[in-house]
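Visitor: Quick one: the structure is below, questions incoming.
Chains as they are written, first to last, in my numbering: chain A, 11 to 166; chain B, 11 to 166; chain C, 11 to 166; chain D, 11 to 166.
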């Protein structure tokens, strides 16, 4: 079975090229800076666009499960913030974002030197935003998709 | 907010061009024909490929919820079968497929003359397959994404 | 492994005894009567209480999957309506309810003569309601839990 | 609307009283001790039973989101381990457990001095186990349910 749906060939989709206004980008960065959990796991912002946010974090031995892979909950932490800020990037100034719920499928062991999460808005409503988050692990210059999230965010 | 993540520009992704062997295609068609629920909702197969199955069904007034839109459970029925057969298309002959679980986000009212579900395999394992299903409604020649599913299938 | 978490001993929880006001009960019944899908699958209301709704439906050969079990999407249809009306039962008059999203785990084959879904509100908010739905199959006077749903509903 | 589904009256269910054999309890404790993430978030085991595991952790300012509440991903980390070990407690010796997928609804802000997660097995299969996880926050001697998880675990 040489079908591999995890290659970019099958999975990638065009990224939005719509840039954020300066004040909205600043708001996202300010909120991210206040998430102490992001600093504790070593996460940083790679890219901000309208409806799409990319975060990255290194492997950390102190955040692992029993086999030395990143704990599924930590993978979720990164994906949830990526999805939340993707949603916030489309909300009017003065809004805040909260996670209503999410579902995560763990596709492969979270093994690698770095992890990268991309959150994208699938449906932007006035109150609710539906987002998708994908997490890749980089191991020896190869990237594999390790988890995918489907999340609902609410504007407050 | 003119960002529209639901346009093909943002949502579409390359479809697999890998065709199915005749015996596997036949097995999928035979199993589909045995799903009485598919006939009851008027569903038919549009396209079979390795790891990807597309189904369609018409609007039916007798399958609606209180506003005359297709019931979320019927949308789910179509998406679940698309995902299940996408999974089965990658399994060795003699296998059968069962749904372990799924999560569905209802993005827009299921209003339209026709509905189209595409199920794709995200991760193909020996026992479990993780699939994604998207459902579009066609209304006056316009297609909109109305639901997205993330589902786990098991080989039996 | 004689542990059986599916027995009432482990799974049952006290049902609410709070009855609905007449006008709210009437609203729920009126909305249910408008769901053509409920009639098509043969569903009826067993019990209405504040935050809890019980529905039932018979086995129907025309709603099955490839093994003759009720299709997972039909099980979902019943559970979704039970959850939606449990949510509506706690909303002020003039409200309507829509499903935002749900996740369903299929625990056992949907085999039996009858099916029973209980939807309960876990968290009642002003805009969103989080609900749980459980579906049992009755086979030869024995009931087994066949599916469990976790769903988010929105007030419109 | 004085209905409160979060009180023990509505939510509690009988806990299993089936104790674990010593070797299985030891295996769960050993695996838990190897989850570095559990130590990093300050989690510990409160109770082990057949099909049910209870974990606790204190509030930690370094694990919060932008409002100073525990990050949804950290709540998930605790719930996921509780569910995983509940599943492992029913598996034969020599097994290991991995999370296939989970869905979490965040019901209330994760505010409090302590957090408590209970993972329970809803369906115990040979390969897959379906579990439910609930997380409570304790604030000023009051406990409120803040999150609920529905998770699928696999035996390896």
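Note that beta-carbon positions come from the ideal geometry of N, C-alpha and C, so glycine has one too.
Whose Cβ in chain D lies nearer than 9 Å to the Cβ of residue 72/A?
Guide: As a working mapping, residue 72/A is identified with position 62 in the first chain. Per Cβ cutoff of 9 Å: 46, 47, 49 and 50.
Visitor: Residues of the stretch 144-157 of chain B with a CB closer than 9 Å to any CB of chain D: list them in chain order, please.
Guide: Going along the stretch 144-157 of chain B in chain order, one finds no residue with a Cβ nearer than 9 Å to chain D.
Visitor: Establish whether the CB of residue 90/D and some CB of chain A are separated by less than 8 Å.
Guide: By 1-based counting over the fourth chain, the position of residue 90/D is 80. Answer yes: the Cβ-Cβ gap between residue 90/D and chain A drops below 8 Å somewhere.
Visitor: In whole angstroms, what is the alpha-carbon distance linking residue 117/D and residue 113/A?
Guide: Against the fourth chain, residue 117/D aligns to sequence position 107. Against the first chain, residue 113/A aligns to sequence position 103. For residue 117/D and residue 113/A, the distance between alpha carbons rounds to 15 Å.
Visitor: What is the DSSP secondary structure of residue 147/D, counted as helix, strand or coil?
Guide: Counted from its first residue, the fourth chain places residue 147/D at position 137. Strand, per DSSP.
Visitor: Going by DSSP in three states, residue 98/D sits in which element: helix, strand or coil?
Guide: For this step, residue 98/D is matched to residue 88 along the fourth chain. In this structure, residue 98/D counts as helix in the three-state DSSP scheme.
Visitor: Within 8 Å, do at least three Cβ pairs link the stretch 53-72 of chain B to the stretch 83-103 of chain B?
Guide: Judged by Cβ distances under 8 Å, the stretch 83-103 of chain B makes contact with the stretch 53-72 of chain B, as three or more pairs qualify.
Visitor: Can you tell me where the alpha helix (DSSP H) holding residue 34/A begins and where it ends?
Guide: Here residue 34/A corresponds to residue number 24 of the first chain, with the count starting at 1. Run containing residue 34/A: 32-44, per the alpha helix (DSSP H) assignment.
Visitor: To the nearest angstrom, how far is the alpha carbon of residue 81/A from that of residue 87/D?
Guide: For this step, residue 81/A is matched to residue 71 along the first chain. For this step, residue 87/D is matched to residue 77 along the fourth chain. About 7 Å.
Visitor: Answer yes or no: does any C-beta atom of chain B fall closer than 8 Å to that of residue 86/C?
Guide: Working through the third chain from its first residue, we reach residue 86/C at position 76. True, the Cβ-Cβ gap to chain B drops below 8 Å.
Visitor: Whose C-beta lies closer than 8 Å to the C-beta of residue 133/C among residues of the same chain, with five residues either side of it excluded?
Guide: Along the third chain, read from residue 1 onward, the residue named residue 133/C stands at position 123. Cβ neighbours of residue 133/C beyond the five flanking positions: 139 and 140.
Visitor: For residue 29/A, which of helix, strand or coil comes out of DSSP?
Guide: Taking the first chain and counting its residues from 1, the one referred to as residue 29/A is at position 19. Correct three-state label for residue 29/A: coil.
Visitor: Does the stretch 143-151 of chain C come close enough to the stretch 103-111 of chain C to have 3 or more Cβ pairs within less than 8 Å?
Guide: Flag = no, the stretch 143-151 of chain C and the stretch 103-111 of chain C do not touch.
Visitor: Can you say whether residue 122/D is buried or exposed, counting buried as having 16 or more other CB atoms within 10 angstroms of its CB?
Guide: For the purposes of this step, residue 122/D is taken as residue 112 along the fourth chain, with counting starting at 1. Per the 10 Å Cβ criterion, buried.
Visitor: If you reduce the DSSP assignment to three classes, tell me which class residue 105/B lands in.
Guide: Looking up residue 105/B in the second chain gives position 95. Residue 105/B: coil per DSSP, three-state reduction.
Visitor: Who are the neighbours of residue 162/C on chain D, taking C-beta pairs under 9 Å?
Guide: For the purposes of this step, residue 162/C is taken as the residue at position 152 of the third chain. Simply 115.
Visitor: Is it a yes or a no for the stretch 157-165 of chain A touching the stretch 25-40 of chain B, going by three-plus beta-carbon pairs under 8 Å?
Guide: Too few Cβ pairs lie closer than 8 Å, so no.
Visitor: Can you tell me whether residue 116/A sits near the ligand SAH, meaning its C-beta is under 7 Å from at least one heavy atom of the ligand?
Guide: This structure simply doesn't include the ligand SAH, nor any ligand for that matter.
Visitor: Rounding to the nearest angstrom, what Cα-Cα distance links residue 35/C and residue 58/C in this structure?
Guide: By 1-based counting over the third chain, the position of residue 35/C is 25. By 1-based counting over the third chain, the position of residue 58/C is 48. The straight-line gap from Cα to Cα measures roughly 7 Å.
Visitor: Measure the beta-carbon distance from residue 45/B to residue 91/B and round it to whole angstroms, keeping in mind my assumption that it falls under 8 Å.
Guide: The residue you call residue 45/B lines up with position 35 of the second chain. The residue you call residue 91/B lines up with position 81 of the second chain. So it is a contact: roughly 6 Å between Cβ atoms.
Visitor: What whole-angstrom Cβ distance do residue 124/C and residue 74/C have, given they're in contact under 8 Å?
Guide: If you number the third chain from 1, residue 124/C lands on position 114. If you number the third chain from 1, residue 74/C lands on position 64. Not a contact, Cβ separation roughly 15 Å.
Visitor: Check whether chain C comes within 8 Å of residue 109/B, counting only Cβ atoms and requiring the distance to be less than that.
Guide: Your numbering for residue 109/B matches position 99 in the second chain. For residue 109/B, the answer is yes, since a Cβ of chain C falls inside 8 Å of its Cβ.
Visitor: Under the assumption that residue 51/B contacts residue 39/B (Cβ atoms under 8 Å), give the Cβ distance between them as a whole number of angstroms.
Guide: As a first step, residue 51/B must be located in the second chain, where it is residue number 41. As a first step, residue 39/B must be located in the second chain, where it is residue number 29. Going by Cβ atoms, the distance from residue 51/B to residue 39/B rounds to 17 Å, so no, they are not a contact pair.
Visitor: Suppose you measure from the CA of residue 21/B to the CA of residue 70/A; what does that come to, to the nearest Å?
Guide: Mapped onto the second chain, residue 21/B falls at position 11. Mapped onto the first chain, residue 70/A falls at position 60. No answer about residue 21/B holds up, because its pLDDT of 43 lies below 50 and its placement is not dependable.
Visitor: Start and end of the beta strand (DSSP E) containing residue 65/D?
Guide: In the fourth chain, counting from the first residue as 1, residue 65/D sits at position 55. Residues 62-68.
Visitor: Which residue from 119/D, 76/D, 104/D and 103/D puts its Cα closest to that of residue 85/D?
Guide: As a first step, residue 85/D is located in the fourth chain; it is residue number 75 there, counting from the start. Comparing Cα-Cα distances from residue 85/D to each of 119/D, 76/D, 104/D and 103/D, the minimum goes to 119/D.
Visitor: What residues from chain D crowd round residue 103/C, counting only those whose CB sits closer than 9 Å?
Guide: The residue given as residue 103/C occupies position 93 in the third chain. In chain order: nothing, as chain D lies at least about 12 Å away.
Visitor: Can you check whether the C-beta of residue 41/A is within less than 8 Å of a C-beta belonging to chain D?
Guide: The count along the first chain starts at 1 and reaches residue 41/A at position 31. Chain D contact via Cβ: present.
Visitor: At which residues does the beta strand (DSSP E) containing residue 125/A begin and terminate?
Guide: As a first step, residue 125/A is located in the first chain; it is residue number 115 there, counting from the start. It spans 124-134 - the beta strand (DSSP E) in which residue 125/A sits, taken as one unbroken run.
Visitor: Strictly below 7 Å CB to CB, what residues from chain A border residue 100/C?
Guide: The count along the third chain starts at 1 and reaches residue 100/C at position 90. Simply none; closest approach about 18 Å.
Visitor: Hey, residue 100/D and residue 33/D: beta-carbon distance below 8 Å or not?
Guide: One-based indexing of the fourth chain puts residue 100/D at position 90. One-based indexing of the fourth chain puts residue 33/D at position 23. No.
Visitor: Pick out whichever of 126/C, 136/C and 135/C has its Cα sitting closest to the Cα of residue 157/C.
Guide: As a position in the third chain, residue 157/C is number 147, starting the count at 1. Comparing Cα-Cα distances from residue 157/C to each of 126/C, 136/C and 135/C, the minimum goes to 126/C.
Visitor: Helix, strand or coil: how does DSSP classify residue 152/A here?
Guide: Here the question's residue 152/A lines up with position 142 in the first chain. DSSP places residue 152/A in strand when its eight states are reduced to three.
Visitor: So, with DSSP's three-state summary, where would you put residue 89/D?
Guide: Here the question's residue 89/D lines up with position 79 in the fourth chain. Helix.
Visitor: Since residue 56/B meets chain A, which of its residues come closer than 7 Å, beta carbon to beta carbon?
Guide: For the purposes of this step, residue 56/B is taken as residue 46 along the second chain, with counting starting at 1. Per Cβ cutoff of 7 Å: no residues; residue 56/B is ~19 Å from chain A at best.
Visitor: So which residues of chain B does residue 137/D contact, with C-beta pairs closer than 7 Å?
Guide: As a working note, residue 137/D is residue 127 in the fourth chain. Here the neighbours are 137.
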